[in-house]
Amino acid sequence: MRKIAYLAMDVHVRNIVMGDMNGAGKFLGNRSFTTCENNIIYALKTVKAKKKLLVMEAGPLANWVAQTAAAYVSEVIISDPRENALIYKSSVKKDKVDTQKLCRLLRLNEFKEVYRPENDQRAIFKAAVQHYNDLRDQLKAIKQKTKAMFRQWGVIDVFTDSVYSTSGRDKFLKQVKKRPILLQLKRLYTLMDLTAELKQDAEKSMKSLGRRYPEIREFKKIPGIGNAGAHTFDAYIQTPHRFAKTSRLWKYCRIGVTDRSSDGKPLGFKRLDKAGIGELKAVSYRAFISAMKSDNEVRRFYLKSLQTTHNHTHARLNTQRKILAVMLGIWKKGQPYRAELFLDPCI
Numbered sequence: 009m010r011k012i013a014y015l016a017m018d019v020h021v022r023n024i025v026m027g028d029m030n031g032a033g034k035f036l037g038n039r040s041f042t043t044c045e046n047n048i049i050y051a052l053k054t055v056k057a058k059k060k061l062l063v064m065e066a067g068p069l070a071n072w073v074a075q076t077a078a079a080y081v082s083e084v085i086i087s088d089p090r091e092n093a094l095i096y097k098s099s100v101k102k103d104k105v106d107t108q109k110l111c112r113l114l115r116l117n118e119f120k121e122v123y124r125p126e127n128d129q130r131a132i133f134k135a136a137v138q139h140y141n142d143l144r145d146q147l148k149a150i151k152q153k154t155k156a157m158f159r160q161w162g163v164i165d166v167f168t169d170s171v172y173s174t175s176g177r178d179k180f181l182k183q184v185k186k187r188p189i190l191l192q193l194k195r196l197y198t199l200m201d202l203t204a205e206l207k208q209d210a211e212k213s214m215k216s217l218g219r220r221y222p223e224i225r226e227f228k229k230i231p232g233i234g235n236a237g238a239h240t241f242d243a244y245i246q247t248p249h250r251f252a253k254t255s256r257l258w259k260y261c262r263i264g265v266t267d268r269s270s271d272g273k274p275l276g277f278k279r280l281d282k283a284g285i286g287e288l289k290a291v292s293y294r295a296f297i298s299a300m301k302s303d304n305e306v307r308r309f310y311l312k313s314l315q316t317t318h319n320h321t322h323a324r325l326n327t328q329r330k331i332l333a334v335m336l337g338i339w340k341k342g343q344p345y346r347a348e349l350f351l352d353p354c355i
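According to this note's numbering, the sequence shown is numbered sequentially starting from 9.
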């Protein structure tokens, strides 16, 4: 039995290719098998080594495969495929070639690990939040499509929200003269009502699962942070200890600044890094917009930042970063929210 085995899996819906490399860097070959739990376990058991390290690239099935394999290997790692230039920039793209290269990256420790949920409860909670946000976006799209269809057929004055209400929509439907178009609009309204009902059910489920996480109650005390924002932040971040620096949180939320350079020379203008989760950036932006409507600590922080930067965009981004930093800080320390935290320069 050898001391260590470097294993890599290229995971697909129908099949998986697993590569094996020994401690000396010699590739021992691939094996292919149909994607199912029993086959994954059997393939890992056949590898005789005291220590087994397994790596795979992030994808729809990666978390499930990682959970299945965890009991049969020493460590499971999910890597960021965007960082694996050796694979995705190669002119030769084959599963068997990719697994060999992934084994090599694992052995050399030349990969970027992607965080995965610590347990099933966290994964289920995140799925519930994603489901709610998805229904929210679908409902918004249906409303926009309904308004667009009204305007297309001459009903111009649809700026009021009564066009969506059960009692107000009849006034607009009566203005549509073409019966086939009228029927299409009624179908859209049926779809809108059903989606709105499903969204309410998804919100109830999200809140129910979120009750086990006390930090959510503290998040909602921050001006501008509502139910959806608090749950979304908690679900996507998973744990406050995953970021060694607050700047990494900002980058993950797409409000970190990237500055490309070569040998000290700039290669372009400073800009926001597009890597990360757009939904978290939206949480901080909606919180900022909502907080600006009244006098509170968030608004005062923004005005103070505006006096320093003399730039509305920079002041707004500073405020968004501060909101996220305060949320992470009270979560990490397990402390209740205090308005004075927005005056603390260390956060």
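Ideal Cβ positions, reconstructed from N, Cα and C, are used throughout, including at glycine.
| query | Quick one: any contact between the segment 123 to 140 and the segment 29 to 47, if contact means 3 or more CB pairs under 8 Å? | reply | no
| message | Helix, strand or coil, according to DSSP, for residue 7 in the structure here? | response | Outside the shown range of the chain (9 to 355) lies residue 7, about which nothing can therefore be said.
| Across which residues does DSSP place residue 64 in a beta bridge pair? | 17, 86
| task | Report the option in 297, 201, 179, 183 whose CA atom is closest to the CA atom of residue 151. | result | 201
| If we call anything under 8 Å between Cβ atoms a contact, is residue 265 one with residue 288? | no
| message | Between the segment 48 to 55 and the segment 14 to 29, can you find at least three pairs of beta-carbon atoms closer than 8 Å? | response | yes
| field | Beta carbon of residue 295 nearer than 8 Å to that of residue 331 | value | yes
| Contact check, residue 292 vs residue 245, beta carbons under 8 Å | no
| Inter-residue Cα distance where the pair is residue 12 and residue 249 | 30 Å
| Between which two residues does the beta strand (DSSP E) harbouring residue 25 extend? | 23 to 30
| Between residue 10 and residue 32, what straight-line distance do the alpha-carbon atoms span, to the nearest angstrom? | 11 Å
| said: Quick check on this structure: which residue in 259, 147, 237 has the alpha carbon closest to the alpha carbon of residue 208? | reply: 147
| query | Do residue 335 and residue 227 have their CB atoms nearer than 8 Å? | reply | yes
| task | From the DSSP output, in three-state form, read off residue 6 for me. | result | Look at the range of the chain in this structure, 9 to 355, and you will see that residue 6 is not part of it.
| task | Quick one: using the 10 Å Cβ neighbour count with 16 as the cut-off for buried, is residue 111 buried or exposed? | result | buried
| query | Do you know whose CA, among 142, 314, 63, 306, lies nearest residue 203's CA? | reply | 142
| Test: residue 336 CB closer than 8 Å to a CB of chain C | Here chain C cannot be found, since the structure has a single protein chain.
| Which residue or residues does DSSP assign as beta-bridge partners of residue 226? | Note: residue 226 sits in no beta bridge, so no partner.
| query | Quick one, which of 107, 135, 55 has its alpha-carbon nearest residue 213's? | reply | 135
| message | If the criterion is Cβ atoms closer than 8 Å, does the pair residue 298 and residue 232 meet it? | response | yes
| request: Count the other C-beta atoms from every protein chain shown that fall within 10 angstroms of the C-beta of residue 356, then say buried if there are 16 or more, exposed otherwise. | output: In the structure as shown, the chain starts at 9 and stops at 355, and residue 356 therefore has no counterpart that could be examined.
| said: By alpha-carbon positions, which one of 63, 193, 88, 324 ends up nearest to residue 82? | reply: 63
| task | Label residue 117 either buried or exposed according to how many other C-beta atoms from any shown protein chain fall within 10 Å of its C-beta, with 16 as the threshold for buried. | result | exposed
| message | For residue 304 and residue 140, I'd like the C-alpha separation in whole angstroms. | response | 29 Å
| request: For residue 205, count neighbouring C-beta atoms within 10 Å of its own C-beta (all shown protein chains included) and say buried if the count is 16 or more, exposed if not. | output: exposed
| task | Just list the alpha helix (DSSP H) runs in the segment 102 to 157, keeping only unbroken ones of 4 residues or longer that don't cross its boundaries, in chain order. | result | 103 to 116
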